[in-house]
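Single-structure report; data block below.
Protein chains in written order, with my numbering: chain F, 1 to 132; chain Z, 1001 to 1132; chain D, 2001 to 2132; chain U, 3001 to 3132.
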C-alpha cells in the first residue's frame, strides 16, 4: 500500500513537557491520527468501523525517538501497512520535520466484537481499505 | 456539604508544558478527578451514573490560576457543592500545595438522557449523594 | 480586533472520553491552539514571547459547553480580544461545528518575568500584535 | 534490581476514549509515572536529574496491550531494570489490575547534555540509583 499524502500537524504547546519537547506519549497519539486519516483517505471513517459492531484495538505499539520534536514544529506523519493477516494488521509510521526523520514506529491491530471484546476476523472491507 | 478529606495527586511530568509548569488545561482534569472521588466517598461510582441511563455533563467551567503548579508538586483537591437545583448543580474547587492556595474554580453540571443527550432532572439519589 | 480566518481542527479520538464526546478539559487546549495561531497570523510565534524573557500566563479561564463535540467533528476556533490593559488582556473564543455554536469561553492573560514569574507590563509589541 | 512496591493509580475519566477504555497513548504516561516513582524510592527526584545539567530522554518505547483498562480501574505499575550500559538503560513495565496482567512494555533511555541535546554517559549516581 502506498500511503499517499502525509498527514500534517503542528506540535501543540500542551503536548510539550517541562523538558521543552513533545512528551514521549504524544507520539502514539500522532500515530493514531495518522492511521485514522489513512482510513479516511481510503473512504472510511473510523465511525464506519464502530458502526459495524466491531472495534479496532491496538495490540502492540512501538516508537523509536530519533530527534526531539519542539513546540510548533510542523510534523508530517507517513503511514503504510507492513503486515496483514486475517487476525491482525500492522502499520508502520515515520514522523518527519522537513526532511529530517524524527521518529519511527508501528502499531499492530486486531478486531474485537463489541461489547464482549472477543477477537474476530478483520472484515474484508477493512482489509480492502487498508491494503489498497 | 462538607467535602471531607481532599483528593491528593502529584503533578505528572506529562502534564507540564514547555513553560515548565502544569498546563492550564490540566486543571479541568484535576477538577474532574476531584468530583469523581467525591462521588466515590459518597458511596457512588461514576459508573452508577452511567448505569442509570443518564450522563452528567459539564455545562460550564471556570478556573482562576493563582500560583503555578510545578512538576512533582503534591496537590490537594478540595471540592464542595455551592449550588443545587433540580436542573443543575455546581461544584467549587480549591487546589492547595501545602497551605498555598494555587487555584480555584467551579464546574456546573446538568443531567442528560443517553443517547439523545436531552436534559433531564437531576435524579434524587444523585442530589442526595452530592448534597450530603 | 477582527479575528481573521478561524483555526480549523478535528476532534481527535484520544480527546474523546468514555462518554463518547470531547472531554471538557480539551476545550482549554483548543483555546490555546486558537490564540497561538492568532499570534502567528499577527507575525509572532509564541517562541518570540519566550525569547523576550517573559512568559504569557493564563490568569483565568472559562468555558460554556453548549453542544457536545464528537470524535472527528471539524471545529472552527474563532478568537478575538475583548479587553486590554497594561497588565493583562483577555481573549474570547467561539467554537463552531459548521454553523452550530458549540462552546464559548475566555482566557485572561498576564505577563511574567522568567524565571521569577513576577508580573510585568505587557510589552508594547505584544499589545500591538494582539490588538491589531 | 527489585522494583519494590508498585505504584498504584486509577484510570482517569479523561484518559479513556470513545471506545470506553484507556486510550493506547496513556500507557506511556503510566510508564513515565512508574519510572519517576522508582527514582523517588531510590532517593532521587526527577528534578535531581535536570539539576545536574543533563536530561534523561526516551530513545525507544514499546507496549503490549493484553487486556483493556477501563475507567476507574486500579492499576499497579511494576518497573524493573532489564539492561544497563554506560550509554543507556532499559526499564521493563507490567501493569496489573488485581492479579490480571493487562499490559507489558519497556522504555530505553539515554542521557543528553542540555541544551545541546548531545548524548553523554549515564552519570554514576544515576546508574547507582536505578540499578540498586
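Here a beta-carbon is modelled for each residue, glycine too, at the ideal position from N, C-alpha and C.
Practice item. Please go through the same chain and pick out, in chain order, the residues whose beta-carbon is closer than 6 Å to the beta-carbon of residue 2107/D, but skip the five residues on each side of it. Key: 2031, 2058, 2061 and 2091
Review point. Using Cβ-Cβ distances below 7 Å, what residues of the region 6 to 36 of chain F are close to chain Z?
Key: 13, 14, 16, 17, 18, 20, 23 and 25
Check your understanding: Within 10 angstroms of its Cβ, does residue 2075/D collect 16 or more other Cβ (buried), or is it exposed?
Key -> buried
Check your understanding: With a cut-off of 8 Å, does the C-beta of residue 3063/U fall near any C-beta of chain F?
Key -> yes
Point to revise | Reference residue 105/F; option with closest CA among 66/F, 122/F and 21/F | key: 66/F
Check your understanding: Quick one: is residue 2/F near chain Z, going by C-beta distance under 8 Å?
Key -> Reliability of the predicted coordinates at residue 2/F is poor, the pLDDT of 47 falling under 50, and no value is obtained from them.
Review point. If the cut is a Cβ gap below 9 Å, which residues of chain F does residue 3060/U touch?
Key: 62, 63, 64 and 65
Review point. Closer than 8 Å, CB to CB, is residue 2072/D near chain F or not?
Key: yes
Practice item. Report yes if the C-beta distance between residue 3080/U and residue 3096/U is below 8 Å; otherwise report no. Key: no
Exercise for review: For residue 2001/D, collect the residues of the same chain with a Cβ closer than 6 Å to its Cβ; drop the 5 residues on either side in sequence, then sort them by chain order.
Suggested key: The predicted model places residue 2001/D with a pLDDT of 45, which falls under 50 and marks its position as unreliable; any figure quoted below should be read in that light. Taken in chain order, the residues that qualify are 2080, 2081, 2131 and 2132.
Check your understanding: Going by C-alpha distance, which of 3114/U, 3128/U and 3014/U is nearest residue 3085/U?
Key -> 3128/U
Point to revise | Limits of the unbroken alpha helix (DSSP H) element including residue 3034/U | key: 3026 to 3041
Exercise for review: Name the residue from 124/F, 22/F, 64/F and 122/F whose alpha carbon lies nearest to the alpha carbon of residue 71/F.
Suggested key: 22/F
Check your understanding: In chain Z, which residues lie with their C-beta within 7 Å of the C-beta of residue 3045/U?
Key -> Neighbours of residue 3045/U on chain Z, chain order: 1072.
**Study point:** Burial state of residue 8/F (16 or more Cβ within 10 Å)
**Key:** exposed
Practice item. Examine the Cβ distances between the region 3031 to 3051 of chain U and the region 2043 to 2053 of chain D and report whether three or more of them are shorter than 8 Å. Key: no
Check your understanding: Of the residues 1017/Z, 1099/Z, 1036/Z and 1087/Z, which one's Cα is nearest the Cα of residue 2029/D?
Key -> Out of 1017/Z, 1099/Z, 1036/Z and 1087/Z, 1017/Z has the C-alpha closest to the C-alpha of residue 2029/D.
**Study point:** Buried or exposed by the 16-neighbour rule on C-beta atoms within 10 Å, applied to residue 1099/Z
**Key:** exposed
Point to revise | For residue 103/F, the nearest candidate out of 13/F, 27/F, 20/F and 15/F (CA to CA) | key: 27/F
Check your understanding: Closest to residue 11/F by CA distance: which of 5/F, 69/F and 19/F is it?
Key -> 69/F
Point to revise | Buried or exposed (CB count within 10 angstroms, at least 16 for buried), residue 2087/D | key: exposed
Review point. Can you give the Cα-Cα distance for residue 64/F and residue 1094/Z, rounded to whole angstroms?
Key: Those two C-alpha atoms are separated by around 40 Å.
**Study point:** Cβ separation of residue 3112/U and residue 3123/U, assumed to be a contact under 8 Å, to the nearest whole Å
**Key:** No, residue 3112/U and residue 3123/U are not in contact; Cβ-Cβ is about 12 Å, not under 8 Å.
Check your understanding: In this structure, does DSSP put residue 1044/Z in helix, strand or coil?
Key -> coil
Review point. DSSP state of residue 128/F, grouped into three classes?
Key: Here residue 128/F carries a helix assignment [DSSP, helix/strand/coil].
Check your understanding: Between the beta-carbon of residue 2054/D and the beta-carbon of residue 2114/D, is there less than 8 Å?
Key -> yes
Exercise for review: For residue 2073/D, count neighbouring Cβ atoms within 10 angstroms of its own Cβ and tell me buried if that reaches 16, exposed if not.
Suggested key: buried
Review point. Mind checking residue 34/F: buried by the 16 CB within 10 Å criterion, or exposed?
Key: buried
Check your understanding: For residue 1057/Z, which residues in chain D fall below 9 Å Cβ to Cβ?
Key -> 2019, 2021, 2024, 2065 and 2068
**Study point:** Whole-angstrom distance between residue 2125/D and residue 3116/U, CA atom to CA atom
**Key:** 30 Å
Review point. In the DSSP assignment, what residue or residues form a beta bridge with residue 2058/D?
Key: 2109/D
Check your understanding: Hey, how far is the Cα of residue 3089/U from the Cα of residue 13/F?
Key -> 29 Å
Point to revise | Contacts around residue 3083/U, its chain only, beta-carbon distance under 7 Å, and the 5 residues preceding and following it disregarded | key: 3089 and 3090
Check your understanding: Candidates 3015/U, 3005/U, 3019/U and 3056/U: which alpha carbon is nearest residue 3038/U's?
Key -> 3005/U
Practice item. Output yes or no for whether 8 Å exceeds the beta carbon distance between residue 1025/Z and residue 2025/D. Key: Residue 2025/D sits close to residue 1025/Z, with the two beta carbons spaced by under 8 Å.
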